[in-house]
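**Student:** Offset between the sequence shown (1-based) and my numbering: plus 35.
The beta-carbon is built from N, C-alpha and C at its ideal position, and this holds for glycine as well.
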Amino acid sequence: MFAQPARAQDFLQNLFGWGQQHSAPRVIERAPQQGKAKPKKKNAAKTPPGGKQQAQPNGAAQQPAAEGPPPPYEPQLLRLSEILGALSYLRDLCGSEDGEDWRAKMSSLLEAEAKTGQRRLKLTGAFNRGFRGYETTYRSCTPNARLAISRYLDEGGRIAHDIAYRYGNS
Numbered sequence: 036m037f038a039q040p041a042r043a044q045d046f047l048q049n050l051f052g053w054g055q056q057h058s059a060p061r062v063i064e065r066a067p068q069q070g071k072a073k074p075k076k077k078n079a080a081k082t083p084p085g086g087k088q089q090a091q092p093n094g095a096a097q098q099p100a101a102e103g104p105p106p107p108y109e110p111q112l113l114r115l116s117e118i119l120g121a122l123s124y125l126r127d128l129c130g131s132e133d134g135e136d137w138r139a140k141m142s143s144l145l146e147a148e149a150k151t152g153q154r155r156l157k158l159t160g161a162f163n164r165g166f167r168g169y170e171t172t173y174r175s176c177t178p179n180a181r182l183a184i185s186r187y188l189d190e191g192g193r194i195a196h197d198i199a200y201r202y203g204n205s
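1) Would you give the residue range spanned by the alpha helix (DSSP H) that Thr-159 belongs to?
2) Alpha carbon to alpha carbon, what distance is there between Pro-105 and Arg-154?
3) Quick one: what does DSSP say Asp-133 is sitting in, helix, strand or coil?
4) From this set, Tyr-124, Leu-115 and Gly-160, which residue's C-alpha is nearest Thr-172's C-alpha?
5) Do Ile-118 and Gly-165 have their beta-carbon atoms positioned less than 8 angstroms apart in this structure?
6) In or out: Glu-135 buried (at least 16 other Cβ within 10 Å) or exposed?
7) Tell me the rounded alpha-carbon separation between Ala-180 and Cys-129.
8) Can you tell which of Ser-143, Ser-175 and Leu-145 has the C-alpha that lies nearest to the C-alpha of Ser-131?
9) State the start and end residues of the unbroken alpha helix (DSSP H) segment that holds Ser-123.
10) Which same chain residues, not among the five before or five after Asp-189, have their C-beta less than 6 angstroms away from its C-beta?
11) Leaving out five residues on either side along the sequence, give the residues of the same chain with a beta carbon under 8 angstroms from the beta carbon of Arg-201.
12) Output needed for Tyr-187: all residues of its chain with C-beta closer than 7 angstroms, excluding positions within five of it in sequence on either side, in chain order.
13) What did DSSP end up calling Ser-175 once you bin it into helix, strand or coil?
14) Taking a contact to mean a Cβ-Cβ separation below 8 angstroms, would you say Leu-115 touches Gly-192 in this structure?
15) Please state whether the Cβ-Cβ distance between Leu-112 and Leu-158 is less than 8 angstroms.
16) Does DSSP put Lys-140 in a helix, a strand or coil?
17) Could you compute how far the alpha carbon of Arg-167 sits from the alpha carbon of Gly-203?
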């Protein structure tokens, strides 16, 4: 039915470059700019006169630093995670038996992009949404399920290529 086998091994090659050797990132040294003062941090902790920090009321512990803003490619990563979830379910359903490979790719994506925190929860939720969406709809492999697999492989490949091309290290 399909002219090419599914590219489960190559799907995220653009993002992670599996099988390719990468050099260390380039270090760019910048000359100090003269005449410009460094901006002061607005939320810097100030030490009161006498050099001692005051205890926080009610023994409240300091909260960990908030995560930075999401990268500009966050929507694409969320869509890619959802596609990985759908492929994990559909490929097993249709007999490819490589659902674990798609889960492993999602684990690699999480390790590279969101080791902890809110981003990890968002990406994992997108994967689960993609998986469960097809799990509730398809109980056996149908021509439509195969078509969805083909389309998701193409879309996922385009997204991975786009992220690597636009935001990847050169």
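**Tutor:** In brief:
1) For Thr-159, the uninterrupted alpha helix (DSSP H) segment begins and ends at 153–170.
2) When only Cα atoms are considered, Arg-154 and Pro-105 end up about 8 angstroms apart.
3) Coil.
4) For the set Tyr-124, Leu-115 and Gly-160, the Cα lying nearest the Cα of Thr-172 is the one of Tyr-124.
5) Yes.
6) Glu-135 comes out exposed.
7) In a straight line, the C-alpha of Ala-180 is about 8 angstroms away from that of Cys-129.
8) For Ser-131, the closest of Ser-143, Ser-175 and Leu-145 by C-alpha to C-alpha distance is Ser-175.
9) In the DSSP annotation of this structure, the continuous segment of the alpha helix (DSSP H) that includes Ser-123 starts and ends at 109–128.
10) Around Asp-189: no qualifying Cβ.
11) The residues are Tyr-108.
12) These residues qualify, in order along the chain: Ile-118, Ala-121 and Leu-122.
13) Coil.
14) Cβ distance not < 8 angstroms, so Leu-115 and Gly-192 don't count as in contact.
15) With respect to the 8 angstroms criterion, Leu-112 and Leu-158 are classified as neighbours on the basis of their beta carbons.
16) The answer is helix: DSSP assigns Lys-140 an H, G or I state.
17) Their backbone Cα atoms lie some 31 angstroms apart in a straight line.
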